[in-house]
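Under our numbering, the residues of the sequence shown are numbered 663 to 818, in order.
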Amino acid sequence: MGEGEKTRLVAWSNELRRVHDRLREALRLTQDAVADGESAESATRDLLLFCHGFCAALTAHHEGEDRDLFPAIAERHPELRDTLYYLRQDHSMIAHLLTGLQAAVARAAPPAELDRHLEGLAAIMESHFRYEERQLLTVLDTLALTADPETVLGPL
Numbered sequence: 663m664g665e666g667e668k669t670r671l672v673a674w675s676n677e678l679r680r681v682h683d684r685l686r687e688a689l690r691l692t693q694d695a696v697a698d699g700e701s702a703e704s705a706t707r708d709l710l711l712f713c714h715g716f717c718a719a720l721t722a723h724h725e726g727e728d729r730d731l732f733p734a735i736a737e738r739h740p741e742l743r744d745t746l747y748y749l750r751q752d753h754s755m756i757a758h759l760l761t762g763l764q765a766a767v768a769r770a771a772p773p774a775e776l777d778r779h780l781e782g783l784a785a786i787m788e789s790h791f792r793y794e795e796r797q798l799l800t801v802l803d804t805l806a807l808t809a810d811p812e813t814v815l816g817p818l
């Protein structure tokens, strides 16, 4: 295996870590803005932008995993099918939480309610990311998947 091929294979684990870190940071910045006591109108405006950006990025990330990454892993590592099933369940739960957050933002919910939505989302997202990283990073180090990482892991 040439150095270029090895770099391409290792890139999937690096790409996943990079995407997770950027999504974590985007959520933290939003939580900080709400916690800083910005006016409800200002926080709502910021959260609307956040939901259009972050929510779309997180959704695209999970859809790409479900569509491209997880089937490739399942094909080469059938022993991980249960793990992939649980990760897909998390994706569904996170989508539900995002819908709740978007509805709260759309109706200009008070900052305390917005914070509850963000805290719930942060908790499940972090749990999901850590589980996914523990279970899949080693596999991703050797995964030969000829696809654009942005298509599979979502654009940020």
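Ideal placement from N, C-alpha and C gives every residue a C-beta, glycine not left out.
Just so you know, these numbers come straight off a predicted model, no measurement behind them.
{"query": "Expressed to the nearest angstrom, what Euclidean distance is found between the alpha-carbon atoms of residue 680 and residue 674?", "result": "10 Å"}
{"query": "Applying the 10 Å Cβ sphere with the 16-neighbour rule, what's the burial state of residue 771?", "result": "buried"}
{"query": "With a cut-off of 9 Å, does the C-beta of residue 773 fall near any C-beta of chain C?", "result": "The structure shown contains no chain C, having only a single protein chain."}
{"query": "May I ask you to verify whether the region 711-722 touches the region 790-798, counting CB pairs closer than 8 Å and requiring at least 3?", "result": "no"}
{"query": "Would you call residue 758 buried or exposed, if buried means 16 or more other Cβ atoms sit within 10 Å of its Cβ?", "result": "exposed"}
{"query": "When the distance is taken between beta carbons, is residue 678 closer than 9 Å to residue 717?", "result": "no"}
{"query": "Since residue 742 is in the alpha helix (DSSP H), which residue starts that stretch and which ends it?", "result": "From DSSP, residue 742 is part of no alpha helix (DSSP H); its letter is neither H nor E."}
{"query": "Give the DSSP-derived three-state secondary structure of residue 752 in the structure shown.", "result": "helix"}
{"query": "Where do the N-terminal and C-terminal ends of the alpha helix (DSSP H) with residue 782 fall, by residue?", "result": "773-802"}
{"query": "To the nearest whole angstrom, what separates the beta carbons of residue 696 and residue 739, a pair I think is in contact under 8 Å?", "result": "Not confirmed; about 40 Å, so no contact."}
{"query": "Do residue 797 and residue 749 have their CB atoms nearer than 9 Å?", "result": "yes"}
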